[in-house]
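Just so you know, the sequences run in chain order A and B.
Take 1 as the starting number for the first sequence in this note's numbering and just add one per residue.
Take 1001 as the starting number for the second sequence in this note's numbering and just add one per residue.
All C-beta atoms, glycine included, are put in the ideal place defined by N, C-alpha and C.
Here the structure is a predicted model, which means the values were calculated and not measured.
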Amino acid sequence: MAVKGEYNPGLYRWSVLLAFCTLLLVVAGGLVTSRDAGLSVPDWPLSYGKLMPPMEGGILYEHGHRMVATTVGLLTIVSMIWLFRADSRKWLRWLGVVALLAVIVQGVLGGLTVLLLLPWWISTSHACLAQLFFSTTVAIALFTSEWWLRGPAVLDEDPRYPIRGLSLAAPVCVLVQLALGAAARHKAIGTIYHIAWAPVVTAVILWISLRILLHYAHNRELRIASLALLGIVFCQVFLGIGAYMSRIAYADAVQPMPAMVALTVLHVAVGALTMAASVALAILVRRNLTSPVRDFAAPRVAAIT
Amino acid sequence: MWENKPLKTLFAAPLLFLAACGGVTQPKTEAMARLPVAHVDPATAGSIAGRVVFQGEAPAMPEIDMSSNPQCERQHHTPQKAETVVVNKNGTLRNVFIWIKAGLPPARWTPPAQAAMLDQKGCVYEPHVLGIVQGQQLEILNDDPINHNVHAECQTNPPWNESQAPRAEHKFKQFDAPEVMFPVTCSVHPWMRSYIAVSPHPFFAVTGDNGAFTLNGVPPGTYTIEAVHEKYGRKEGSVTLAPNGSVTIDFTYGS
């Protein structure tokens, strides 16, 4: 068994594969909603009473989503077992268990939303849990990376520019935005709420990222994570505008319109990346910066390395 | 554990939802059963007729892209267009559901013995708008060589979504509460959309290729007539029908 500080390349690559497949799963789920294919397979867990129905029309998207989901489920089971066998960090093993529970709940939510004809609160929960699950898989990949296991370059937080607490605001604001977007997509609320919250979440991310780049840029990990988050948010804002404009432009067209589907699904996928990047940044901030006020913070930080 | 209110809510919510889906029409159906059976005296019955006129330039309907499913595409010699707004050559509007919304005495109308038919042919619903009497059977056909799902997006009646295999046995459904009107969709082929209007009585019509309608065998009285179009919405008018008389009412929609 590997001990703390030992890098396991196989486990790391598996975790990256899991995160990548989960992003594909988010894309597949986004395609199902955008192509209005959610009810093209009325039964669950089988599809048209079979393991493999004819992949035509909307069935291709709905059953394809189920197939990718099954793959991610299997990858998550292996990931949890691997973590238990090859990593000595208890909290990371439990994160593997949390990921497995999340993917099981996610599967059940997916089935329920089909059987209950897409009630908005189940569909929205399904969409939000997908984003949280993706962030969990990215976090597992981060924790199993050689980069993480080399240990942090710890800095003291400058009390004039506090960032440890502030960094948690980004994932919370992004999650709210994702929930508003999902609720709008499932017709529970108007798109206006998602649009109205966008400047808030963008401002919070700008504030956090710029504070890091202006005051903590000498820390390489924080610099890279902030720039990555800024880049992703930059793309996301334009994708959001594009998705909304395509919705207006094709309002009277026979749906689904390929351009609208592409922009919306990309917006969903980059939304997932935004969430994962903001979670990663918060983790890195809390790992790399110690609070000068609380000297006992250091052992707590060490505990998650 | 059950003292915990949020937990209770969490567990109760799905049950309430299911109850709402399954039982919402029950009291209405029972109340309907207590009503006297409707009777129309043929000697005094009359007719209400009219046209639905479209003013302005008819919007061009987009072509439906069926290329994602070649088996649908192959069944059409020319590209199919959306049927959201179909303006006839004489300037009238097709696919408008016309019915007596109010004015009939409270009564229970016996549904026709013959089922109303909804066909899936060439990945298009036929007819596009279908009127049906509450309690009447709806017969659903799949004349296509491919799978469809039929999703009745009812609000008042319990919604349902079922698959129908190629040329499978016909499905029979029934709607027990009046509901004018709701879409029926297929998620396998997202362009497929039709509308069903469930009327409590048989006095309704759907405008065709001349935009005209006639409601026959209507007892004398003063009625609110409603026209319902999937895009342009609802319009109302009032008529008074004398014994054995006939009356006309026109509706006008515009872009």
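- If you draw a straight line from the Cα of A/Pro171 to the Cα of A/Met275, it comes to about 6 Å.
- Taking the C-beta atoms as reference points, B/Met1117 is found no nearer than 9 Å to B/Glu1083.
- Ranked by how close their Cα comes to the Cα of A/Leu132, the residues A/Ser246, A/Ala19 and A/Leu289 have A/Ala19 in first place.
- Taking a Cβ-Cβ threshold of 8 Å, the residues of chain A close to B/Glu1162 are Pro42, in chain order.
- Not one beta carbon of chain A lies nearer than 9 Å to the beta carbon of B/Ile1140.
- Between the alpha carbons of A/Met67 and A/Glu146 lies a distance of about 31 Å.
- Short of 7 Å from the beta carbon of B/Trp1109, and not among the five residues preceding or following it, lie these beta carbons of its own chain, in chain order: Ala1038, Val1133, Pro1200, His1201 and Pro1202.
- Annotation: the continuous beta strand (DSSP E) that includes B/Tyr1223 extends over Gly1221 to His1229.
- For B/Lys1173, no alpha helix (DSSP H) encloses it; the enclosing beta strand (DSSP E) starts and ends at Lys1171 to Gln1174.
- By the Cβ rule, the stretch 1124-1131 of chain B does not count as touching the stretch 1152-1164 of chain B, because fewer than three pairs are nearer than 8 Å.
- Contact check between the stretch 50-59 of chain A and the stretch 150-169 of chain A: fewer than three CB pairs, one atom from each, fall below 8 Å, which does not count as touching.
- Assignment of A/Trp91 by DSSP, reduced to helix, strand and coil, places it in the helix class.
- Taken in chain order, the complete beta strand (DSSP E) segments of 3 or more residues contained in the stretch 41-69 of chain A number zero; there are none.
- Counting along the chain, B/Val1239 sits inside no alpha helix (DSSP H); it lies in the beta strand (DSSP E) bounded by residues Gly1233 to Leu1241.
- With fewer than 16 neighbouring CB atoms inside 10 Å of its own CB, A/Met52 falls in the exposed class.
- Look at A/Ile241 here: in three-state DSSP terms it is helix.
- Excluding the 5 residues flanking it on each side, B/Gln1174 has same chain C-beta neighbours closer than 8 Å at Gly1135, Gln1136, Gln1137 and Leu1138, in chain order.
- At the C-beta level, A/Phe143 and A/Leu100 stay beyond 9 Å of one another.
- Going by beta carbons, B/Ser1194 and B/Leu1093 fall outside the 9 Å limit.
- B/Met1181: member of the beta strand (DSSP E) spanning Glu1179 to Thr1185, first to last residue.
- Between the C-alpha atoms of A/Leu222 and B/Glu1230 there is a straight-line separation of about 55 Å.
- One finds Asn1069, Gln1071, Ile1146, Asn1147 and Val1188 in chain B with Cβ atoms closer than 8 Å to the Cβ of A/Glu56, taken in chain order.
- By the Cβ rule, the stretch 75-90 of chain A does not count as touching the stretch 1184-1194 of chain B, because fewer than three pairs are nearer than 8 Å.
- Under DSSP, B/Gln1137 forms a beta bridge with B/Gln1174.
- When only Cα atoms are considered, B/Pro1070 and B/Val1188 end up about 13 Å apart.
- In terms of beta-carbon proximity, A/Pro45 stays away from the interface with chain B, with every pair separated by 9 Å or more.
- Between the stretch 1038-1049 of chain B and the stretch 1205-1219 of chain B there are three or more inter-stretch CB-CB distances shorter than 8 Å, so the stretches are counted as touching.
- Under the three-state reduction of DSSP, B/Ile1098 is assigned to strand.
- With its beta carbon at least 9 Å from every one in chain A, B/Asp1143 lies outside the interface.
- The continuous stretches of alpha helix (DSSP H) do not include A/Ala37, and DSSP gives it neither H nor E.
- Residues of chain B with a Cβ closer than 7 Å to the Cβ of A/Ala259 do not exist; the shortest Cβ-Cβ separation is about 12 Å.
- If you draw a 10 Å sphere on the C-beta of B/Asn1088, you find 16 or more other C-beta atoms in it, and that means buried.
- Only buried fits B/Trp1099, as 16 or more other CB atoms lie within 10 angstroms of its CB.
- Listed in chain order, the non-local C-beta contacts of A/Pro119 below 8 Å within the same chain comprise Thr113, local neighbours out to five positions each way being set aside.
- For B/Gln1055, the enclosing beta strand (DSSP E) begins and ends at Gly1046 to Gln1055.
- As DSSP reads the structure, B/Ile1196 sits in a beta bridge with B/Leu1130 and B/Phe1182.
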